[in-house]
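A.B. asks: Counting from 1064, one number per residue, gives the positions in the sequence shown under our numbering. We put the CB at the ideal spot given by N, CA and C, even for glycine.
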Amino acid sequence: MTRSAPGVIISGTGSYAPPRIVSNHDLSTQMNTSDEWISSRTGIRERRIAGDGEATASMGCEAGRLAMQDAGVKPSDIDLLVVPTLISDMLFPSAASLIQTRLNLRNVTSFDLSAACSGFIYGLEVVSNMMRSGNYKHALVIGSEKLSSILDWDDRSTSVLFGDGAGAAVLSKVDDTGCGIIDSYTGNDGSKAKLLCMPGGGTAMPATKESLENRDHFLKMNGPEVFKIAVRWMEQSAKIVLKRNNLKPEDIDLFIPHQANLRIIETLARIIKIPKEKFFVNLDRYGNTSAASIPIALDEARQKELIQTGDNVLMIAFGAGLTWGSTLIKWH
1064 MTRSAPGVII
1074 SGTGSYAPPR
1084 IVSNHDLSTQ
1094 MNTSDEWISS
1104 RTGIRERRIA
1114 GDGEATASMG
1124 CEAGRLAMQD
1134 AGVKPSDIDL
1144 LVVPTLISDM
1154 LFPSAASLIQ
1164 TRLNLRNVTS
1174 FDLSAACSGF
1184 IYGLEVVSNM
1194 MRSGNYKHAL
1204 VIGSEKLSSI
1214 LDWDDRSTSV
1224 LFGDGAGAAV
1234 LSKVDDTGCG
1244 IIDSYTGNDG
1254 SKAKLLCMPG
1264 GGTAMPATKE
1274 SLENRDHFLK
1284 MNGPEVFKIA
1294 VRWMEQSAKI
1304 VLKRNNLKPE
1314 DIDLFIPHQA
1324 NLRIIETLAR
1334 IIKIPKEKFF
1344 VNLDRYGNTS
1354 AASIPIALDE
1364 ARQKELIQTG
1374 DNVLMIAFGA
1384 GLTWGSTLIK
1394 WH
């Protein structure tokens, strides 16, 4: 846990969603499910699925270009690149290495960050603190995920939940200490790591005939347990950040939660006693895009002009690890 000081703003955002739309009805023709079953339990009605030739890095590049354009910065202005992601194009090198060269970010510090669905929150905390303590002036944080590549499409309990996409933000150091990233709180409980994981593919379980037959190279999740823990820690992380900054939930102009499940968001809104209309939701069109979910939502909220100068924005996330976190921003 760290507490951030102001001085770093989000100067631009961008997002990319693959053109291919897969609806709940489409999935019902492939497995024993229905639009009613999926939407009533999750709020999801469709998701985007990457096409041939699309991968984590290529989607991240598209979002990154748009974020730089929105911020009015050139590739030569960027001196730090961090890519929160679950899975890169390859085990190595990093997605950041691939994105760095494609965006012509010459010789900049670049690395991936693994915090699953909390990745963008972790990324904002790490990058903003690096910028305050170092010589970095403009940084690019890109959450990009191709989750369709690690889903078991015969498992309706997981495959219907996720989608592909990328979201990005340019962070810029400023002299104004009254705006920008005000505070962040992050946490992790690794004792519950197996509730949401992909067992195969790492050093503990390399690919073998047996691991492939057991379908160990697909995402596995204990949905009911993850749901309960997600609500608890999203609530707690939000309350911690609010308390440290002498704010009440009603002082927040817009909540941007991780887009995993509408029931989680509605439960969270009820617990902290805030109208659900103050929570930005787009999971009905994208599903859970993991580390890309919050930056995609942030970009859409800005496009819809739901965020104005002086607004308090609170981003709240939860993901595999199990990880969680919240970031408070005073919009510039």
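1) Within this structure, are the beta carbons of V1171 and V1190 separated by less than 8 Å?
2) Does the beta-carbon of K1209 have 16 or more other beta-carbons within 10 angstroms, so that it is buried, or is it exposed?
3) Have a look at S1196 and T1372 and give me their C-alpha separation to the nearest angstrom.
4) In terms of residues, what are the limits of the beta strand (DSSP E) holding H1201?
5) Excluding five sequence neighbours on each side, which residues of the same chain lie with their C-beta closer than 8 Å to the C-beta of V1237?
6) Once the 5 residues before and after T1065 are set aside, which same chain residues still bring their CB inside 6 Å of it?
7) Report yes or no: do the region 1377-1384 and the region 1176-1184 share at least 3 C-beta pairs separated by less than 8 Å?
8) Just to confirm, is the Cβ distance from M1122 to S1207 under 8 Å?
9) Beta strand (DSSP E) containing V1171: first to last residue?
10) Is it the case that the Cβ atoms of L1297 and W1387 are separated by a distance below 8 Å?
11) Go ahead and pull the three-state DSSP assignment for L1325.
12) On a CA-only basis, which of A1134, I1328 and A1267 is nearest K1291? Give me that one, please.
13) To the nearest angstrom, how far is it from the Cα of S1091 to the Cα of P1320?
14) When DSSP builds the beta bridges, which residues end up paired with M1378?
15) Going by C-alpha distance, which of T1266, A1229, A1293 and T1096 is nearest A1130?
16) On the DSSP letters alone, give me the boundaries of the beta strand (DSSP E) that E1109 sits inside.
17) Do G1075 and D1133 have their CB atoms nearer than 8 Å?
18) What do you get for H1088, buried or exposed, if any count of 16 or more other CB atoms within 10 angstroms of its CB means buried?
19) Answer yes if the region 1355-1365 comes into contact with the region 1311-1325, meaning at least three C-beta pairs across the two stretches below 8 Å, and no otherwise.
20) From which residue to which residue does the beta strand (DSSP E) around V1085 run?
C.D. replies: Considering the structure as presented:
1) no
2) buried
3) 26 Å
4) H1201 to K1209
5) G1070, V1071, I1072, G1243 and H1395
6) In this prediction, T1065 has a pLDDT of 46, which is less than 50 and means its spatial position is unreliable; nothing more can be read from the coordinates.
7) yes
8) yes
9) No beta strand (DSSP E) holds V1171; DSSP gives it neither H nor E.
10) The displayed chain sequence assigns Met, not Leu, to residue 1297. For M1297 and W1387, yes; Cβs fall inside 8 Å.
11) helix
12) I1328
13) 28 Å
14) I1319 and T1390
15) A1229
16) E1109 to R1111
17) yes
18) exposed
19) yes
20) I1084 to S1086
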